[in-house]
Structures are given as structure tokens and as C-alpha cells.
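No gaps in the numbering here: position 10 of the sequence shown is 10 in full-length UniProt numbering, and each next residue is one more.
Where a beta carbon is used, it is the ideal one built from N, C-alpha and C, also for glycine.
Data first, discussion second: the structure below is written as C-alpha cells.
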Amino acid sequence: MNKIYCPSLTEYKRRETIEVQIGEVPMGAHHPIRVQSMTTVDTMDTLRSVEQCIRMIEAGCEYIRITAPSIKEAENLRHIKAELRRRGYNTPLVADIHFTPNAAEVAARIVEKVRINPGNYADKKKFEVIEYTDATYQAELERIRERFVPLVRICKEHGTAMRIGTNHGSLSDRILSRYGDTPLGMVESALEFLRICEDEQYHNIVISMKASNTQVMVQAYRLLVQKLEEEGLKPYPLHLGVTEAGEAEDGRIKSAVGIGTLLEDGLGDTVRVSLTEAPEAEAPVAKALIDRYTYRAEKAQPIKPLCNIPIDPFQYHRRETAEVENIGNQNVPRVIADLSPLRDIQYADLKSVGHLYSMLLDKFNMNDLGADYIYTGDHPINFMLPNGLKEIINYVPWQLMEDQEHRHPLLTVKQYLQATQLHPKLNYIEADIHGITDELMERLKGDATAVLVLYTSNEHAMPELRKCFFRLMNNGVSTPAIIKRSYGALTADEMQLYASTDVGGLLIDGLGDGIMLGTELLPAQEKVAWLNTIGKLNNLSFGILQAARTRMSKTEYISCPSCGRTLFDLQETTAMIRKRTDHLKGVKIGIMGCIVNGPGEMADADYGYVGVGKDKIALYRGQTVVKKSVPADRAVDELIELIREDEKWIEPVQLEA
């Protein structure tokens, strides 16, 4: 299969799509990447819905999605739209449909766009494995056509746009039985509906491939673009999003890893960031992700085209590398904390990178986000480091050290090629794309102690770093490589989103054996401020690794954004569950507001907490319900008891200050 799924892997270009007319705000073609979000209040509450829509519009939303779980909500969209128009707001409205084709047919006559989920529009999910012959499968497709064509014709008649929105967690039993729980299954789920639209000469369509797993999500969008081209279908615009990304920092990191990876390669025409927060908090995050690409083509330094692509962009495979100490091969990617701006580092300063010193016990405790290495530049630490933490210093001061064994040097390419003295076990060599010469690669092939630290100053950073990895792979160099990114005068939010995109986009393709994040703030900055920044970058590094599914170091919460279907306060409940369980390293907990976003949407969670009625919760082990209708005031305790039964519960430990 041709591996090119985007206009260019080295030059920033937006994928060319058809234009889709959505009210007065068209999408695709030459139009800007659009921002959207979804209301969280009851659709039957007209005034509260209108007021929330206005807050979202003023926060930057260009489309507003509203749930329509039944005909009565679909009908009420008319009143919401009329009141918004009366107040002077012409933002297009999108009806969100699950399970109820008749509601979609009503909504399509009222709003500018409808979203249908091919996994549950004409199918009921029973988690059954069904054997199909070609004939019986074709009969199922005819049944879907019969159910779907009326909506297509209504949309065509009324000039209504449609999003065919596949979700990884809600694939139908039919798709799962034939294609499995795979990106290909997600793509085929959408294509079945898209082919019907094409037969009806209806093309006012946007497509999405959402998943909570960022690797699956990215692979599915890429494969979709590939399949559209292979079948000769129109290049429809793409709606980008990571489902159930979660809240706060974790939700933003996860969204940036998934969405940013695709934006880097010119894919995507509208973005929705799904946070377990008020919807008006989502638009600024989406806008910040999008705005990074406004002038990308003009600012980027040229990168020579690729001759060979040594990875499969539709399936995760980690780059094969040698093992150097605890880096590379099967080791989890490592985190290097950059402490080089600090002078006279003390025991207490290491708390910022997850190593907490207790004066009372005269020992260190390392938390789950404890850095593996610290880089101190030209200012080595003058005390013994705790077990589990090692120091990297620049080559010249390393040469002058008496104790070279317990520290590792960082060399420039020139220093490395000329070096007569190296560490016997581990040496770091810092290189950009220009430094990866034939001479360097030949030297690396014979050196079992080398680890590369790859960096770039190109505005088009992720593709240039990706080319560095491709050059190594195409030349048979198996040296492990750390991804280094350093940023200038950015806000904390921008740093979070940019680093997640730049590093996460590489990790998703199996590239990178560690992260080193830095910032180029003013040298005169107070030490306390530096420690705060270093701590945030350390936590961000672990967050990126977790979001890219390459190193699980903390509890993961797969929580849906609230919407009008939600049966409890998602933000409050997520915070409550997090407070009780956030010490359970590597455990994944799905928190879903209703059965629509229930067992399917939290497809790869270990445990699920799902609203099934007012103050009633169903608890899941994987995708199997194990406790039904648990009173909400007992549900968290019952969830913990379930984790205990599986011997995954550990008591939280209070570290000494």
C-alpha cells in the first residue's frame, strides 16, 4: 500500500478538500480550520441552551453541536435556533444523533448540520460475534441503506450538511465481527455510509475517526484519507478530535498529541477538543492548536523530500534500537529533566523532578513522575544522587571531573568524532539534521555506548525530527535517540500544546526513546520560578508519554465531555474519583455520563463508571457490566471494591516532606 497519506511529510501543506456548506460558515477547501464544541445542558431547556451557546460563540466556537437523543429534543432545536437568531447570533447548529434516525430526520429540517454515528445509527450493539457470508453481509448493507437514505434525501433537499462520525468505542457488532476493533474497522464503518451518500449524489459531508487511544485515532484518520483516494471518492473535509480526552492538563496533552499529529501533516478542517470541563473552555484550546499553523509554511525552513518511508503509518511499531544501559530496545522511553539553568543545586531542588528528600529520614522518595536523568550542563551537582537518578553534564566539565563513572557526558557531534576519552557505558551525542552525516552514522554503528539527543530549530519541528529518525533507519543505525525540544517565550498553555504535538507525533509512530524538554527563559529568573517551570516540564514529559501510550506512569481517566444526555455532574464526579484513585499507576478508568458514551466509548478502560439513570450508576470491568443501578453516593466505594477484588488496589502512601 502507498504510504503517503498527506500532501507532504516534509513541507507544510493543507490537504485539499471539497467545500462543505454549513449555514454561513463553509468548511474545507481554502477556508480556515474551524473551531467547534458541544453544549452540556438539557436540550429541552431552551434559555439555558441559548445562553451556553452564546458563551461558546464568544469563546471562539464557529459551530455549536447540541444533542438530540429523541424527537422532542430535535424539535426543540427549532426554538433554540430561533432565539439565537433573534439575539443576532447566526452560528451554525449541529444536531448530535445516536440510535434515533427519526430524530435525525426531524433535526435535518431545522439545523445546518447533523452528526450521525455509523456504529449506532442503524444498529443495536449487543457485543455479539456474528459470522457473515458475503451474501448476509450484503443484506445487512441493504438494511442500512433503507434506514439511511431518507435522511440523506432530507439533507440534500434542505441544504443540510452531515458529519459521518465514527467512534472507536461504538463500532457495530457487524463491523467488529468482520474487521475487528481496528482503525480499518473504523474507516469501513464510515465508508459504508459514505458510499450510500455518493450513490445519492449527496456530497455535503464531513468525516471523523475519533478514539480515546491516540495511536488508533491517528492511524484511522490516515487510513481514511488513503482509502478515499484509493476508491476514487471525493476528498471530504475532516473533523478532528480525541474522544473522552479527560480534564485539565491530561485532557489538553492528550488532545494535542492526537489532533496536533494530524495538523502537522496538513490534515484537518475543523477541531473539537473534548474536555471534561465547561464547553467554553474547549474553544481556546482548539484555537491555540490551530493558530500554530497559520504561518507555518512561511516560517518553516525547507526540508528535503523523503526518498524512503521506513515506517508503516497505519500500524504502531516501535523503532528497533540497541539497548544502552536503561535506554532503547524494550525499555520504556526515559525522561531527562533539564536543570542546567540552575546554580548550586540542593537536595530540596530535586523535588521538582519527582525526587523528594526527607531530612528526618535522610533519604529520598521517588514518585511515579520521577525523572530518570537530570541534565546539569556546566554545573555538576556536588552531592550523591538518589538511586534511580543519574546525571548528564557537558563534555568539557565531565573531562575535568574526578568521579566520571557516575556521570554521563553530553557531546556535540564534533566533540564526539574527535573524542579520545568517553564514558565506558553511556555517552550522549547532541545532533540536528545537519549533524547526522555519513561520518557520524558510521561511527555510531560501531559504538554500543552512544545515545543520540536529537534537536531542531526549524519551525516545522516534528517533520524535521521525523526525517532525522528516517535517515537513521534507512542507514541501518540502531542507536537509541532522545527527542529534545526547547521553547522560547511561550505561555505555559502554548508550551503544553506545542511539546505534546512535537514529541507526541513522533512517539505515535514509534520514534523516540526518551524526552528532554527545556525553555529559553531569561537567565536572571528567580530560582523558585525556574524550579516551578522545570517541575511543569517534567510532569509534561510524563504526560506526553502516557498520552501517546508509550509509558503508563499514572492513573488514566477516560472521561467524556459533558452534554445534554449526561446523568450526573461529570466534572465533580471525575474530580471525586481522581481524588480517591490517582495513585493507581497504569490503571485506566472510564467515566461516562450516559449509556451512549458507555461501555463502547471507554473501549480500552480497565473499569467503567457509567450513568444509567438519575443517581444510578453501572460499574464495568472492561466492557462487561458487573454492578447495575448502584446508588451514586455508594458508587465510588463500590468501584474501589471492584479494583480490590482484582488485586489492583494499593493504599495511597503519604511521602515525608
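**Study point:** Spatial neighbours of Tyr-378 in its chain, beta-carbon cut-off 7 Å, leaving aside the 5 residues before and after
**Key:** Start at 1 with the first residue of the sequence shown, and residue 378 comes out as number 378. One point to set straight first is that residue 378 is Asp, not Tyr, in the sequence displayed. In the same chain as Asp-378, and ignoring 5 residues on each side of it, the C-beta atoms closer than 7 Å to its own belong to Asn-394 and Pro-397, in chain order.
Review point. Unbroken beta strand (DSSP E) runs of length 3 or more, entirely within the segment 60–102: which are they?
Key: Whole beta strand (DSSP E) segments, 3+ residues: 63–67 and 93–97.
**Study point:** Residues near His-158 in its chain [Cβ-Cβ closer than 7 Å; skip 5 each side]
**Key:** Looking up residue 158 in the sequence shown gives position 158. For His-158, same chain residues with a beta-carbon under 7 Å away, outside a window of 5 residues either side, are Ala-108 and Arg-109 in chain order.
Review point. Any idea which residues DSSP pairs Ile-392 with across the strands?
Key: The sequence position of residue 392 within the sequence shown is 392, counting from 1. In DSSP, Ile-392 forms a bridge with Tyr-375 and His-408.
Check your understanding: What do you reckon, are the CB atoms on Ser-208 and His-168 nearer than 8 Å?
Key -> Counted from its first residue, the sequence shown places residue 208 at position 208. Counted from its first residue, the sequence shown places residue 168 at position 168. Cβ atoms of Ser-208 and His-168: not closer than 8 Å.
Review point. Do you know whose CA, among Leu-619, Asn-365, Ser-255 and Arg-272, lies nearest Ile-544's CA?
Key: For the purposes of this step, residue 544 is identified with residue 544 of the sequence shown, where counting begins at 1. Taking the Cα of Ile-544 as reference, the smallest distance to any Cα among Leu-619, Asn-365, Ser-255 and Arg-272 is reached at Ser-255.
Check your understanding: Can you name the start and end residues of the alpha helix (DSSP H) that Leu-507 belongs to?
Key -> Taking the first residue of the sequence shown as 1, we reach residue 507 at position 507. Its alpha helix (DSSP H) spans residues 492–507.
Exercise for review: Grab me the residues of Leu-77's own chain with a C-beta within less than 8 Å of its C-beta, minus the 5 sequence neighbours each way, in chain order.
Suggested key: As a first step, residue 77 must be located in the sequence shown, where it is residue number 77. Once the five neighbours on either side are set aside, the close Cβ partners of Leu-77 are Thr-43, Ile-66, Ala-68, Leu-93, Ala-95, Ala-107, Ile-110 and Val-111.
Exercise for review: Would you grab the beta carbon distance between Pro-333 and Thr-182 for me? Rounded to a whole angstrom, and I think it's under 8 Å.
Suggested key: What you label residue 333 is simply residue 333 of the sequence shown in a count that begins at 1. What you label residue 182 is simply residue 182 of the sequence shown in a count that begins at 1. So it is not a contact: roughly 25 Å between Cβ atoms.
Check your understanding: On the three-state DSSP scale, how would you describe Asn-365?
Key -> As a first step, residue 365 is located in the sequence shown; it is residue number 365 there, counting from the start. Secondary structure of Asn-365 (DSSP, three-state): strand.
Check your understanding: Among Asp-265, Gln-215, Ala-74 and Thr-270, which one has its Cα closest to the Cα of Gly-165?
Key -> Working through the sequence shown from its first residue, we reach residue 165 at position 165. Of all alpha-carbon atoms in Asp-265, Gln-215, Ala-74 and Thr-270, the one lying nearest the alpha-carbon of Gly-165 is that of Thr-270.
Point to revise | Any 3 or more C-beta pairs closer than 8 Å across the segment 506–521 and the segment 267–286 | key: The segment 506–521 is not in contact with the segment 267–286.
Review point. To which residues of the same chain is Gly-535 closer than 6 Å at the C-beta, ignoring the five residues directly before and after it?
Key: Counted from its first residue, the sequence shown places residue 535 at position 535. Taken in chain order, the residues that qualify are Ser-352.
Exercise for review: Using the Cα positions of residue 659 and Glu-651, report the straight-line distance between them to the nearest angstrom.
Suggested key: For residue 659 there is no data in the structure shown, the boundaries of the chain being 1 and 657.
Check your understanding: What do you get for Pro-118, buried or exposed, if any count of 16 or more other CB atoms within 10 angstroms of its CB means buried?
Key -> As a position in the sequence shown, residue 118 is number 118, starting the count at 1. With 16 or more other Cβ atoms inside 10 Å of its own Cβ, Pro-118 counts as buried.
Exercise for review: Give the C-beta separation of Gln-330 and Tyr-5 to the nearest angstrom, bearing in mind that I take them to be a contact with Cβ-Cβ under 8 Å.
Suggested key: Residue mapping note: residue 330 aligns to position 330 of the sequence shown, counting from 1. Residue mapping note: residue 5 aligns to position 5 of the sequence shown, counting from 1. Not a contact, Cβ separation roughly 28 Å.
Review point. Can you tell me where the beta strand (DSSP E) with Arg-485 in it begins and where it stops?
Key: Position 485 of the sequence shown holds residue 485. It spans 481–487 - the beta strand (DSSP E) in which Arg-485 sits, taken as one unbroken run.
Practice item. Can you say whether Val-129 is buried or exposed, counting buried as having 16 or more other CB atoms within 10 angstroms of its CB? Key: Residue numbering aside, residue 129 sits at position 129 when the sequence shown is read from its first letter. Around the Cβ of Val-129, a 10 Å sphere holds fewer than 16 other Cβ atoms; the residue is exposed.
Practice item. Along the beta strand (DSSP E) that carries Arg-115, what are the first and last residues, could you check? Key: As a position in the sequence shown, residue 115 is number 115, starting the count at 1. 113–116 is the extent of the beta strand (DSSP E) around Arg-115.
**Study point:** Extent of the continuous beta strand (DSSP E) run through Tyr-132
**Key:** Taking the first residue of the sequence shown as position 1, residue 132 is located at position 132. For Tyr-132, there is no enclosing beta strand (DSSP E), as DSSP gives it neither H nor E.
Point to revise | Residue range of the beta strand (DSSP E) that includes Thr-624 | key: For the purposes of this step, residue 624 is taken as residue 624 along the sequence shown, with counting starting at 1. For Thr-624, the enclosing beta strand (DSSP E) starts and ends at 624–631.
Check your understanding: By DSSP, does Asn-331 sit in helix, in strand, or in coil?
Key -> Indexing the sequence shown from 1 puts residue 331 at position 331. DSSP places Asn-331 in the coil class of the three-state scheme, outside both helix and strand.
Check your understanding: Below 8 Å between beta carbons: does that hold for Val-452 and Thr-412?
Key -> If you number the sequence shown from 1, residue 452 lands on position 452. If you number the sequence shown from 1, residue 412 lands on position 412. It should be pointed out that residue 452 corresponds to Leu in this sequence rather than to Val. Using a Cβ distance threshold of 8 Å, Leu-452 and Thr-412 do not count as a contacting pair.
**Study point:** 8 Å contact criterion, which Ala-371 and Ala-337 should meet: CB distance rounded
**Key:** The residue labelled residue 371 in the question sits at position 371 within the sequence shown. The residue labelled residue 337 in the question sits at position 337 within the sequence shown. 4 Å between Cβ atoms; contact.
Exercise for review: Would you please state the rounded distance, in angstroms, between the beta carbons of Pro-424 and Thr-449? I believe it to be under 8 Å.
Suggested key: Within the sequence shown, numbered from 1, the residue matching residue 424 stands at position 424. Within the sequence shown, numbered from 1, the residue matching residue 449 stands at position 449. For a cut-off of 8 Å, the C-beta gap from Pro-424 to Thr-449 is around 7 Å, short enough to register as a contact.
Review point. Taking buried to mean at least 16 other C-beta atoms within 10 Å of its own C-beta, is Tyr-12 buried or exposed?
Key: Numbered from 1 along the sequence shown, position 12 holds the residue referred to as residue 12. That one is buried.
Point to revise | Thr-519 - containing beta strand (DSSP E), residue span | key: In the sequence shown, the residue the question calls residue 519 occupies position 519. Start and end: 514–519.
Review point. Is the distance from the Cβ of Ile-196 to the Cβ of Arg-145 below 8 Å?
Key: The sequence position of residue 196 within the sequence shown is 196, counting from 1. The sequence position of residue 145 within the sequence shown is 145, counting from 1. Yes; because the gap between Cβ atoms is below 8 Å, this pair is in contact.
Check your understanding: Could you give the distance in angstroms between the alpha-carbon of Glu-51 and the alpha-carbon of Arg-87?
Key -> Within the sequence shown, residue 51 is the residue found at index 51, counting from 1. Within the sequence shown, residue 87 is the residue found at index 87, counting from 1. If you draw a straight line from the Cα of Glu-51 to the Cα of Arg-87, it is about 10 Å long.
Review point. How many whole angstroms separate the CB atoms of Tyr-316 and Ser-340, which I take to be in contact at a CB cut-off of 8 Å?
Key: As a first step, residue 316 is located in the sequence shown; it is residue number 316 there, counting from the start. As a first step, residue 340 is located in the sequence shown; it is residue number 340 there, counting from the start. Rounded, the Cβ-Cβ distance is 33 Å, inconsistent with contact.
Point to revise | Limits of the alpha helix (DSSP H) - the one that Tyr-416 falls within | key: Working through the sequence shown from its first residue, we reach residue 416 at position 416. Taken as a continuous stretch (DSSP letters only), the alpha helix (DSSP H) holding Tyr-416 covers 413–418.
Check your understanding: What is the DSSP secondary structure of His-158, reduced to helix, strand or coil?
Key -> Indexing the sequence shown from 1 puts residue 158 at position 158. Three-state DSSP puts His-158 in a helix.
Practice item. Look at the alpha carbon of Thr-491 and the alpha carbon of Trp-530, and state the distance between them as a whole number of angstroms. Key: Position 491 of the sequence shown, counted from the first residue, corresponds to residue 491. Position 530 of the sequence shown, counted from the first residue, corresponds to residue 530. So the two alpha carbons sit approximately 14 Å from each other.
Review point. Taking the alpha carbon of Gly-613 as the point to measure from, which residue in Pro-631, Lys-445 and Lys-156 has its own alpha carbon closest?
Key: The residue labelled residue 613 in the question sits at position 613 within the sequence shown. Residue Pro-631 is the option with its Cα nearest to Gly-613.
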